[in-house]
Amino acid sequence: MTNFTLLTVVVLTAIALVTAALLIARLAAPRTFNPQKGEPYECGVPTRGEAWFQFHAGYYLYAILFLIFDIETVFLFPWAAVVGRIGMQGLLSIVFFIAVLILGLAYAWRKGALEWK
């Protein structure tokens, strides 16, 4: 069995297990709203008015920008582990990667995406 085949089997098994768990939870969950869901749990404060509300859209933008730069670190850690073995081509590729991210950050900053309105 090749490495790629083994990886494919592991990924497909993981997807199948997660899908099965979500499907079982969906089928077994009660369908009615229970008034106790709005009650505070342990040290919470009782809610006033509607407890379910939408967040300001600015929060979503900050969350997306955080995810983008958080995923950047996911790519930087493996690169840092092999930086001594990959040579100049690896260095140039990561410099290009970081430059694109910095340009994206500068663009978001210039468009006012990082300012709270």
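With the working numbering, the residue at position 111 of the sequence shown is 94, and numbering never jumps.
Don't be surprised by glycine CBs; every beta carbon is placed ideally from N, CA and C.
| query | In the structure shown, what three-state DSSP assignment does MET(-16) receive? | reply | coil
| query | If you check the beta carbons only, do LEU44 and ALA96 fall under 8 Å apart? | reply | yes
| said: Give me, in chain order, the residues of the same chain whose beta-carbon lies closer than 6 Å to that of LEU84; leave out the 5 immediate sequence neighbours on both sides. | reply: GLU55
| task | Could you tell me whether the Cβ atoms of ALA91 and LEU59 are closer together than 8 Å? | result | no
| task | Work out the CA separation of LEU88 and ILE77 for me, nearest whole Å. | result | 16 Å
| said: Suppose you measure from the CA of HIS39 to the CA of MET71; what does that come to, to the nearest Å? | reply: 45 Å
| request: Kindly provide the ranges of any alpha helix (DSSP H) runs that are 4 or more residues long and lie completely inside the segment 4 to 92, ordered along the chain. | output: 40 to 64
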